[in-house]
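The working numbering puts the sequence shown at residues 13 to 751.
Idealized CB from N, CA, C, for every residue including glycine.
Since this is a predicted model, take the numbers as computed values, not measurements.
For reference, the structure discussed in these notes is given below.
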Amino acid sequence: MFTDQLPANDMSRDMAARHNVTIYDDVRSALTLGGPTLAVDGVVLIGEHGNYPDNEKGQKLYPRHRLFSEIVRVYEASGRAVPTFCDKHLSTDWDKAKWMYDASRRLRFPFLAGSSVPIAWRKPELEFPNGVRIRNAVATAYGGKEAYGFHALESLQVMLERRQGGESGVARVQCLDGPAVWNWADSHPWSLKLMNAANARAEKITPGNVRDNVKSPSVFLLTFRDGLEAAVFLLNGHIEGFHFAADVIGQPDPQSTLMWLQPGRYYAHFSTLTHYIEELILHRKEPYPVERTLLTTGILAAAMDSAYQQGKPLDTPHLAIRYRAPTISLQPRPRPRPGASLMRRTLLALTLAALAAAQIHPPPPRKPPRAPSPPSPRAPPNYTAKPSSSTATSTSSAASSTMAPTSANPSPTARSTSPACSPAASTPPCSPLFVPEQYYPGRHESRQALRLIDLALAQIAANSSRVELARNAPDIARINRSGKLAAILDLEGGFDLDGDLAILRALYRSGLRMAQLPAHNWANSFAESCCAAASKFTGLTAHGRAVVHEMNRLGMVIQVSHASDATIEQVLAISTQPILASHHGLRHRNNIARNMPDDLIRKLAAKGRCHPASTSAAGSTTAPCSNGAPATPASPSGTPAPSANANPNSASRRSTASSPKHFPWSAFRRPTSSCSNPKTGSPSSKKPSPSPAKTTSPSAATSTAAPPHPEACATSPTSPASPKPCSAEAGANPASKNS
């Protein structure tokens, strides 16, 4: 980082210290990291705020051109250039702005600039198709003529650039101030009609007549080269915000919208701009034309010149700038609810990804057990999560809701010869792949999921000595035997808004083993979300049921967080496997749609029960919880933990050679304090073996030891459908009965 000034309220030093970012003394050192040549992958230039002078026209002389020139010199000296972003307009001077644009084309680096306002939310969601025919247009705004006038021009241009024929530039610019504004408006009735339509969208408006409220009005008058006339009104004292209205051919009424900015923290409207900056740097491609900001920079410079010359109209042949608008929509959807923030959710996703990456460090070696014979030097360390002490009313007690990586507080797993307890594999960490809502309007959700999978696989490959991708249950057992951590890819967000099964299978072949049915709060076409606008269906469609069946067939974990109650209810009814609710709250504590009611929590917990592998009195063996799954984890006390799989009747189908290996649900269950036989009410008579050499294998246990009761260890003791909770071992803390 390089900072040009250091004011008293500087934030850069504190932030750099907290995030371990080096601050350099000049631009060159920052771009080369103190070395001889360019050493970064992208550059962000923020030429805003600070103590800089004004010129005679009232323009703030921010050092954007000066800093950009220093950046370009480093590019030229290094023989290569990287994607570059410049905040707001390029310069106060047209010649300098044009030089910046030409330099990006000469050195062939992707260049992006401009305001966050035109790519903020729109209320209502107005989007013109490319080729729209527009007679006239108006933007209304507030604030300073240069600083906020630029935001208003960008808001106008992002709508007009989609008109028929594309953008061809501006032929004339004029700026009027004071009473001259109303004189011109009275002689152009279309401007008053559209100004009123735009102001009608304002959320902050002063009651009364606009002419009485606005003491010093200003207007930018634009004549485009194709004949379109437009006006930008600055109406301080009457409105706050940025609004647009247009007279569209074929529409009886003006088409209008508000460029909606989130008031107060967390100012989530900046998130979309941040997203496109990331896209610019990651993919080395301009997500939308920088020519838009080149044109608005030139319009603003001409308007300031016109105002300086007492409203003289200025011909602008130099603004014959042609470009085409992007074909995809750039506006984000939906708007955040009060207190919510796309930026906050994105930061949460990045934090989770960082936490997952932190799991790659190898687990500490387990202390050898006290035994007559030394443990095998090849024996892998085995860890499992600490037993939960929460009651069954918590969603973390529900079956399979312990998705978060649990290696932060490892506790050694004891070995046991109990028929239901066997050597456990490590609880595998999940690598979260987060596809937020901004990818949905352009139908880029599948594309982003593939990018994230590629990134996750690259990170796993880069740390192959410590972590390995697990694709099925035997993989987890094998990887843990080798002393590594087994990583599982989990997608949060829509894999495809149409639920395309071919895309689902492609993601599965790429390594994905968990996926969320709803697309967060977005309404996809097959699974109802908890918080989307009114859906055309309730719960799952027929195709949504097909998605559930296909995920069952593949052996993928079904995520229902963000789903509606009806969706969760229907998935529970038709899924042959347990389902996952990784981040729900309790509705009886906070009555919002995102949280889960108690009856659904109990049903989800009951779905997690299964029959451990055992031998019946007749000698037949019951199906294990999953085909090829690692053995059920034991608790730290050496007693068996319950399995989390469901539907043992489908085990014969799962065991066929043509079926995929199913997911090891038992790896995600929290171990209970003990497992007792409900027939006798006593704990298992088998004690943990003092020596690894005496540990009985699962296959041997099923043939030699007394079978446990098929419903030992229920997950929810308060559920009326669940059997009694496991009893604690003699001398154990009674509170552990509710673990």
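Asp99 beta carbon less than 7 Å from that of Ile58:
yes
Between Glu298 and the rest of its own chain, which residues show a CB-CB distance below 6 Å, the 5 nearest in sequence each way excluded?
Pro122, Leu124
Since I believe Phe254 is in contact with Ala164 (beta carbons under 8 Å), could you give me their beta-carbon distance rounded to a whole number of angstroms?
6 Å
Go through its chain and collect everything with a Cβ distance to Glu158's Cβ below 8 Å, but skip five positions before and after it.
Gly70, Gln71, Lys72, Thr104, Leu312, Met316
When the Cα atoms are used, what is the spatial distance from Asp26 to Arg277?
20 Å
List the endpoints of the continuous alpha helix (DSSP H) containing His295.
282-295
Assuming Leu50 contacts Val86 under a Cβ cut-off of 8 Å, what Cβ separation, rounded to an integer in Å, is found between them?
6 Å
Is it right to say Gln215 is buried, meaning 16 or more other beta carbons lie within 10 angstroms of its own, or is it exposed?
Note that residue 215 is Glu in the sequence shown here, rather than Gln. Counting Cβ neighbours within 10 Å, Glu215 comes out exposed, since fewer than 16 surround it.
State the CB to CB distance for the pair Ala183 and Phe236, rounded to an integer number of angstroms; the pair is presumed to be in contact (CB under 8 Å).
7 Å
Opposing strand residues paired with Trp534 [DSSP bridges]:
Ala531
Span of the alpha helix (DSSP H) around Gln169:
159-172
Can you round the beta-carbon distance between Glu480 and Ala498 to whole angstroms, since I take them to be within the 8 Å contact cut?
6 Å
Distance between beta carbons of Leu188 and Gly310, contact taken as under 8 Å
Actually they do not touch by this definition, with Cβ atoms about 19 Å apart.
Near Ala28, what residues of its chain come up, given a Cβ to Cβ distance below 8 Å and the 5 sequence neighbours on each side ignored?
Met13, Thr34, Ile35
If we call anything under 7 Å between Cβ atoms a contact, is Ala314 one with Val185?
yes
Report yes if the C-beta distance between Gly551 and Thr579 is below 7 Å; otherwise report no.
yes
Whether Gly597 touches Val559 by CB criterion (7 Å)
no
Whole-angstrom Cβ separation of Leu501 and Leu445, contact assumed at under 8 Å?
6 Å
Range covered by the alpha helix (DSSP H) that runs through Lys619
610-619
To the nearest angstrom, how far is the alpha carbon of Tyr154 from that of Gly506?
39 Å
Quick one: give me the first and last residue of the alpha helix (DSSP H) that Ser230 is part of.
Unbroken run through Ser230 is the beta strand (DSSP E), 230-236; no alpha helix (DSSP H).
Check whether the region 130-142 touches the region 327-346, counting contact only when three or more Cβ pairs, one atom from each stretch, lie closer than 8 Å.
yes
Where Arg521 falls, given that 16 or more other Cβ within 10 Å makes a residue buried
exposed
Taking the C-alpha atoms as reference points, what is the distance between Ala337 and Leu247?
29 Å
Between the CA atoms of Ala210 and Gln263 - distance to the nearest angstrom
16 Å
Cβ neighbours of Leu168 in the same chain (closer than 7 Å, five flanking residues each side left out):
Ala149, Ala151, Ala242, Val244, Phe256
Which full runs of the alpha helix (DSSP H) of 4+ residues lie inside the region 89-153, going along the chain?
106-118
Have a look at Arg147 and Arg459 and give me their C-alpha separation to the nearest angstrom.
38 Å
Quick one: complete alpha helix (DSSP H) runs, 4+ long, within the region 173-218?
191-198, 201-211
Can you name, in chain order, every residue of its own chain whose Cβ lies under 8 Å from the Cβ of Pro325, other than the five neighbours on each side?
Arg184, Val185, Gln186, Leu233, Ser318
Can you find the residues in the same chain that come closer than 7 Å, C-beta to C-beta, to Ser477, ignoring five residues on each side of it along the sequence?
none
Start and end residues, beta strand (DSSP E) containing Glu9
No answer is possible for residue 9: the residues shown for the chain start at 13 and end at 751.
Provide the residue span of the alpha helix (DSSP H) that contains Thr579, from first to last.
577-586
Roughly how many angstroms separate the alpha carbons of Gln450 and Gly143, rounded to a whole number?
24 Å
At the level of alpha carbons, what is the spacing between His600 and Ala617?
17 Å
Rounded separation between Ala593 and Leu519 - CA only:
21 Å
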